[in-house]
Amino acid sequence: MKILISALFLVTSSMVAGQRPSFAGFRPIGFPDTPNRTTTTQDPFGNRFGEGTTERLPIEANGDRDLIDRLSKLPVDKQPFWFINWQAYEQHRKEPQTYPQRPNPFVDNVPLTANFGTVKSWTFGGCTRS
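My numbering puts the first residue of the sequence shown at 37, with every later residue one more than the last.
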C-alpha cells in the first residue's frame, strides 16, 4: 500500500513539475515589470494631486533631465538622431495636423422635403420615369 501511495505521489508531482520548465521562473507569463521611464517627477512633494507634476522625456534619456538640457544646447548637426526624432514627435503630439473633411457627393445632394413619400419622377442613367 505504501508503494502505491508513493508511486501515485511521484507520478502526480512529476506531471505538475512538467507543466512549466524550471528555467522559466515561478512568475506568470506576460509582460515584465518595468518602471515607466518616459516621465519623471519634478517635485514629488509639491503637488499631491498630480496636476502638472510630470515631464515627458525620451526613453533613451533614462529619466536624466540634465542630459536633455545638455543635448538641447548642442547644434542640430551634433545632436543624436533619437533626440531630434523625439522633438519632432513631441511637436506633432502637441499640435496634430488635421485635414478638412471633404463633402460627400452622395449625401449632400439629397433634397430635404417635408413629405418623403411623394416623389413622382426619378432619373436613372438618362432615363426619366414618372
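Yeah, the Cβ is synthetic: ideal placement off N, Cα and C, and Gly gets one too.
By the beta-carbon neighbour count (other beta carbons within 10 angstroms, threshold 16), Trp122 is buried. For Glu91, the secondary structure class from DSSP, reduced to helix, strand or coil, is strand.
Collapsing the DSSP output to three states places Thr48 in a helix. Judged by pairs of C-beta atoms under 8 angstroms, the stretch 87 to 107 touches the stretch 117 to 133, as three or more such pairs exist. Taking C-beta atoms under 8 angstroms as the contact rule, Glu131 and Arg92 fail to qualify, at a distance of about 15 angstroms.
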